[in-house]
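In my numbering, the protein residues as written are 4 to 561.
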């Protein structure tokens, strides 16, 4: 068998017998595949049941060369199966067609951002499509269905990841429901049997996402918010999903909006912090490829006026930053315009925690999700603020797209989140064209021209109105700088006519305005790019009432 390094491949195997609940990793017959390179440690993978006597091992080999594999299982037809694999090295041409061939995502040594296995920094810009696994987001027979329309649109706009779930019990796909005996929201807490046909249909989309070069940032589903789980059921389901999808490029979350699990409901008992922590440990044990692992928070609590009542539900960092299984933090900024201003605060809270861990705004304020926004300007504010306040990524969402609203899909339509219309009634296809999603491409292009992964918050270098920049003011510029003095400053709406002061600059540099609405740069004239003897410089006046970016670059041979 010949494969390409990091390409996702499968071994299809046949058991001698059928078993009761073979999808549970804690039940017979079990299947482990030991993949041994010529040199180095073996890769030990769990295989997964795929219906009847069918079993599969999905894998992606991290190094080129000769590999051998052998199966360990309680089933006589599986145990002892073995073979050889020749793994060819990746090349630049292959990588240019699929960024996932850089290798799986991991936490960079600095603890501030993600990188691929080959050391290439990963720019995390995710589009939210919680309904991606559902039937209304179907691939189509000729790759022309809703799934591919959405995917191609997001690729054109520069997104590098999708934020999604892997199942909702009441949302079937072409293979049916994931758990045939538990198909109606909010569910009855029973998860046996598992339907392999549902996950076979999901396989098609996961493979397409991988081939498109996208990373999948996901939690399996929503414990507490949507569905009731006993911990033992969650454990085997989570492990089954890692066995089935672990070869893909994942950023994994234990659950969605886990704080709501603390509260429970009339339909199910609450989960404790200790139970979520145990679940993280169980997932980490089955995380053969070491995918980044965290947990998705519910967002800050606020009253009807948008006043914060509990800031600590905004990040995974408060409950689990020092948990052995967690290696990065997720933030949800909140779905209300009044709480937008706190996004830098959430990021700064996590940035200062020890040890250093990457933090990203996994769920921002969705564009046009309600009559109060977010507007395209609010989308820009969140995204630029995220990257210049210590974050390593941003999760965009659009009303109509995140729930993949289809008014023709009567079977799954209800008042809950599954097929809920956005306030303006736009379908998923219409909502793809919101301008905020278009303008995120300019942020990505800007960052690709600088070593963005070296940026660190530098608010103390700004002088505004004669004083230092405040952290909790939506109109306050946000500043980040690299060690070699590349400085990026986002200047929000509300600074028309102001001069922005910057400290600690070399005497000479290059600088200019970058327009986040169209990606155009206007450089300042050379005489305007001079700091005084103390390294202080004031920018020209901000052109107009909208938002702008100043980029300052050291002048070569200055």
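For each residue, glycine too, the CB sits at the ideal point set by N, CA and C.
Beta-carbon gap between residue i and residue j smaller than 9 Å
| i | j | result |
| --- | --- | --- |
| residue 202 | residue 247 | yes |
| residue 401 | residue 440 | yes |
| residue 292 | residue 249 | yes |
| residue 197 | residue 163 | no |
| residue 543 | residue 488 | no |
| residue 152 | residue 125 | no |
| residue 23 | residue 30 | yes |
| residue 335 | residue 365 | yes |
| residue 88 | residue 4 | yes |
| residue 362 | residue 331 | yes |
| residue 408 | residue 129 | no |
| residue 93 | residue 67 | yes |
| residue 50 | residue 64 | no |
| residue 138 | residue 175 | yes |
Nearest candidate by alpha-carbon position, reference residue i, set the options
| i | options | result |
| --- | --- | --- |
| residue 220 | 119, 214, 524 and 253 | 253 |
| residue 120 | 103, 249, 361 and 421 | 103 |
| residue 605 | 7, 537, 512 and 538 | Absent from the model: residue 605. The displayed extent of the chain is 4 to 561, so no value can be given. |
| residue 110 | 97, 456, 494 and 491 | 456 |
| residue 177 | 190, 142, 159 and 327 | 142 |
| residue 186 | 421, 48 and 216 | 421 |
| residue 149 | 159, 134 and 53 | 134 |
| residue 518 | 509, 478, 536 and 449 | 449 |
| residue 165 | 210, 218 and 106 | 218 |
| residue 520 | 113, 541, 51 and 442 | 442 |
| residue 501 | 527, 522, 523 and 541 | 541 |
| residue 26 | 207, 241, 387 and 84 | 241 |
| residue 230 | 208, 212 and 173 | 173 |
| residue 358 | 100, 42, 113 and 78 | 113 |
| residue 376 | 389, 427 and 333 | 427 |
Cut-off 6 Å between Cβ atoms - residues of its own chain near residue i, not counting five sequence neighbours on either side
| i | result |
| --- | --- |
| residue 341 | 309 |
| residue 285 | 238 |
| residue 156 | 435 |
| residue 384 | 495 |
| residue 261 | 279 and 298 |
| residue 510 | 534 |
| residue 53 | 59 and 199 |
Beta-carbon separation (whole angstroms), residue i vs residue j, contact threshold 8 Å
| i | j | result |
| --- | --- | --- |
| residue 223 | residue 154 | 21 Å between Cβ atoms; not a contact. |
| residue 56 | residue 17 | 5 Å |
| residue 255 | residue 299 | That belief does not hold up - the Cβ atoms of residue 255 and residue 299 are roughly 10 Å apart, past 8 Å. |
| residue 354 | residue 393 | 4 Å |
| residue 485 | residue 454 | 6 Å |
| residue 105 | residue 123 | 5 Å |
| residue 8 | residue 91 | 7 Å |
| residue 179 | residue 233 | Not confirmed; about 23 Å, so no contact. |
| residue 303 | residue 205 | Wrong, their Cβ atoms sit about 32 Å apart, outside the cutoff. |
Beta bridge counterpart(s) of residue i as assigned by DSSP
| i | result |
| --- | --- |
| residue 256 | 297 |
| residue 48 | 36 |
| residue 228 | Answer is none; residue 228 lacks a bridge partner. |
| residue 15 | 59 |
| residue 72 | 38 and 86 |
| residue 556 | 513 |
| residue 361 | Looking at the DSSP assignment, residue 361 forms no beta bridge with any residue, so it has no partner. |
| residue 481 | 493 |
| residue 146 | Per DSSP, none; premise fails for residue 146. |
Neighbourhood of residue i by C-beta distance below 7 Å, restricted to the same chain and skipping five residues each side
| i | result |
| --- | --- |
| residue 403 | 425, 429, 430, 431, 433 and 434 |
| residue 39 | 45, 70 and 71 |
| residue 525 | 515 and 516 |
| residue 215 | 154 and 158 |
| residue 438 | 379 |
| residue 356 | 320 and 324 |
Contacting residues, own chain, Cβ-Cβ under 8 Å from residue i (five flanking each side not counted)
| i | result |
| --- | --- |
| residue 266 | 227 and 273 |
| residue 547 | 499 |
| residue 474 | Any reading at residue 474 is ruled out, since the residue's pLDDT is 48, under 50, leaving its predicted position unreliable. |
| residue 480 | 465, 467, 472, 492, 493, 494, 495, 498 and 503 |
| residue 329 | 283, 296, 297, 298, 319, 323 and 360 |
| residue 641 | Any answer about residue 641 is impossible in this case: the structure gives the chain only from 4 up to 561. |
| residue 418 | Low local confidence applies: a pLDDT of 46 at residue 418 is under 50, so the model's placement there is unreliable, with the coordinate-based value given in what follows. Taken in chain order, the list of residues that qualify is empty. |
| residue 264 | 226, 227, 228, 258, 273, 274 and 279 |
| residue 391 | 458, 460, 481, 482, 483, 491, 492 and 493 |
| residue 561 | Because the pLDDT at residue 561 is just 47, under 50, the model does not fix this residue reliably, and the point stays unresolved. |
| residue 477 | 343, 344, 384, 495 and 497 |
| residue 117 | 108, 109, 110, 111, 124, 125, 127, 254, 295, 331, 361, 395 and 396 |
| residue 305 | 311, 312, 337, 339, 341 and 342 |
CB contact check: residue i to chain D, cutoff 9 Å
| i | result |
| --- | --- |
| residue 402 | The chain labelled as chain D is not found in the depicted structure, where only one protein chain is given. |
Closer than 8 Å: residue i CB and nearest the ligand ZN heavy atom
| i | result |
| --- | --- |
| residue 294 | Among the components of this structure there are no ligands whatsoever, and the ligand ZN is therefore not found. |
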